[in-house]
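Participant: Mind having a look at this structure? Questions to follow.
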């Protein structure tokens, strides 16, 4: 009601102003000035206009302000309106509450789902989720040495013919004044070239600046990929081109003539491989197996007895070291399933580091400088020497079960 009265009053003031201005226009034109009475009347009308406009503006602001209820006091919350409703009060006395009408709600605000929601920020797990990493073990089986050259050379025995015997012959004193037996020994110079294993990945300067953690992640993955290739070459490098000449390439084949192909189990085969290494006058220090073959051995059970079904080489109740016949077992997917290696790796071979695995970053590649790109390079230089091939035995499991 007050709003309408103020609007009517403003209209009246405006009408009086228009009439007054029309009436006194001629006076002002004739004299060039307005009389004191005219000025007083204009000031009064102006003051009334300002006062009435201010009151009307205050009322409008109050009506549109949050929390106002059209001049009837502050707006109650949904919860307040709910508990103060007659329906709620009546049903609360009865011990149950049904549907209660609390007024119209124009817009329902609900929790949205999916990506890029305006009200609910996403939670991002820190870092980058890395996949499973393979355990790298071949390098640890042999001595790790260093070299300052690009070629590792070593002298090894080639042929040894021993004719050692008693001094015999001659007379009258047999065994005296006669030549003794002569043996023969020859040597050969062997070479193991240092090879470079490397790979790289391009990245923009912007992404490395904007995502600092990405640089560390890339470095870790490049180093891991490098070590995977290193392990492959240490174990099965062909020696051709710029590949290392690996352990399998230099190993001695398992003596199949010593195996009972009809009855030997995996366990039997490994024991006979130990003997073959011992016949080279060295003691083996480890087995290398594929994880599936080691699983096959660990799951081997007794049969045909009162204790049938019991595990032979494992105990499911405890965590045991991977060992068989007293030797450590190195399970690795670098070994082909169905194959094995037994050797005196500590005496038969050595790994030589010319340059440890390193990470370098450069813009000096193609047009990377003007493209704001960088090359992230990971490389190492190593050599592998196999001194005693007879003390490394390589074979398969084509026997029994």
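In the working numbering, the protein residues as written are 1133 to 1533.
We treat Cβ as the ideally placed atom computed from N, Cα and C, and that holds for glycine.
From a predicted model like this one, the values you see are computed outputs, not experimental measurements.
Verify whether the separation of the beta carbon atoms of residue 1384 and residue 1521 is less than 8 Å.
Facilitator: Cβ atoms of residue 1384 and residue 1521: closer than 8 Å.
Participant: When you compare the CB positions of residue 1467 and residue 1428, do they come within less than 8 Å of one another, or not?
Facilitator: No. Outside cutoff.
Participant: Taking Cβ positions, are residue 1366 and residue 1378 nearer each other than 8 Å?
Facilitator: Yes, Cβ-Cβ distance for residue 1366 and residue 1378 is below 8 Å.
Participant: Quick check: what's the CA-CA separation for residue 1475 versus residue 1486?
Facilitator: Using only the alpha carbons, I get a separation of about 25 Å.
Participant: Can the beta-carbon of residue 1394 be found closer than 8 Å to that of residue 1459?
Facilitator: Their beta carbons are not under 8 Å apart, which means residue 1394 does not touch residue 1459 by this criterion.
Participant: Consider the Cβ of residue 1144: report whether some Cβ of chain B lies at a distance smaller than 8 Å.
Facilitator: In summary, chain B is missing from the structure at hand, where a single protein chain is found.
Participant: With residue 1427 as the anchor, note down where its alpha helix (DSSP H) starts and where it stops.
Facilitator: Per DSSP, residue 1427 belongs to the alpha helix (DSSP H) from 1423-1430.
Participant: Cα-Cα, which of 1526, 1524, 1504 and 1484 is closest to residue 1325?
Facilitator: Taking only the C-alpha atoms, the option nearest residue 1325 is 1484.
Participant: From residue 1505 to residue 1495, what distance separates their C-alpha atoms?
Facilitator: Those two C-alpha atoms are separated by around 6 Å.
Participant: Write down every uninterrupted run of the alpha helix (DSSP H) in the segment 1276-1348 whose length is 4 residues or greater and which is fully enclosed by it, in chain order.
Facilitator: The qualifying runs are 1337-1342.
Participant: Where does residue 1498 land, buried or exposed, given buried means 16+ other C-beta within 10 angstroms?
Facilitator: When all chains shown are included, residue 1498 counts as exposed.
Participant: Tell me which residue opens and which closes the alpha helix (DSSP H) that residue 1529 is part of.
Facilitator: First-last for residue 1529: undefined, no H or E at that position.
Participant: Using CA coordinates, which residue listed in 1314, 1446 and 1252 is at the minimum distance from residue 1293?
Facilitator: Answer by Cα proximity: 1314.
Participant: Given residue 1402, which residues of its chain have a CB within under 7 Å of its CB, disregarding the five upstream and five downstream residues?
Facilitator: Counting only Cβ-Cβ distances below 7 Å, and skipping sequence neighbours, we find 1419, 1456, 1457, 1472 and 1474.
Participant: Given residue 1311, which residues of its chain have a CB within under 7 Å of its CB, disregarding the five upstream and five downstream residues?
Facilitator: If we look at residue 1311 and ignore the five residues flanking it on each side, it has no Cβ neighbours.
Participant: Using a threshold of 8 Å, state whether the C-beta atoms of residue 1373 and residue 1381 are closer than that.
Facilitator: Result no, Cβ atoms of residue 1373 and residue 1381 do not sit closer than 8 Å.
Participant: May I ask you to report which of helix, strand or coil DSSP gives residue 1518?
Facilitator: Strand.
Participant: Apply the 10 Å Cβ neighbour rule to residue 1404 and answer buried if 16 or more other Cβ atoms are within range, or exposed otherwise.
Facilitator: The residue in question, residue 1404, is buried, as its Cβ has 16 or more Cβ neighbours within 10 Å.
Participant: Write down the C-beta distance between residue 1396 and residue 1426 rounded to the nearest angstrom, noting that I regard them as a contact closer than 8 Å.
Facilitator: At roughly 17 Å, the Cβ-Cβ gap does not stay under 8 Å, so residue 1396 and residue 1426 are not in contact.
Participant: Can you have a look at residue 1251 and say buried or exposed, based on whether 16 or more other CB atoms are within 10 angstroms of its CB?
Facilitator: Residue 1251 should be labelled exposed.
Participant: Quick one, which of 1299, 1268, 1266 and 1316 has its alpha-carbon nearest residue 1290's?
Facilitator: When each option's Cα is compared against that of residue 1290, the closest is 1316.
Participant: Between which two residues does the alpha helix (DSSP H) holding residue 1502 run?
Facilitator: From DSSP, the alpha helix (DSSP H) with residue 1502 extends over 1500-1503.
Participant: In whole angstroms, what separates the C-alpha of residue 1340 from that of residue 1346?
Facilitator: Approximately 7 Å between the Cα atoms of the pair.
Participant: Kindly identify the DSSP beta-bridge partner or partners of residue 1418.
Facilitator: DSSP, once it has assigned bridges, lists 1475 as partnering residue 1418.
Participant: Hey, residue 1330 and residue 1509: beta-carbon distance below 8 Å or not?
Facilitator: Yes. Within cutoff.
Participant: What separation, rounded to the nearest whole angstrom, lies between the Cα atoms of residue 1376 and residue 1259?
Facilitator: Cα to Cα, the separation comes out at about 36 Å.
Participant: Can you list, in chain order, the residues of its chain whose CB lies under 8 Å from that of residue 1388, leaving out five sequence neighbours each side?
Facilitator: Here the set comprises 1527.
Participant: Could you check how far apart the C-beta atoms of residue 1519 and residue 1286 are, in whole angstroms? I think they sit under 8 Å.
Facilitator: With a Cβ gap of about 7 Å, residue 1519 and residue 1286 count as contacting.
Participant: To which residues of the same chain is residue 1323 closer than 8 Å at the C-beta, ignoring the five residues directly before and after it?
Facilitator: Cβ within range, chain order: 1283, 1284 and 1285.
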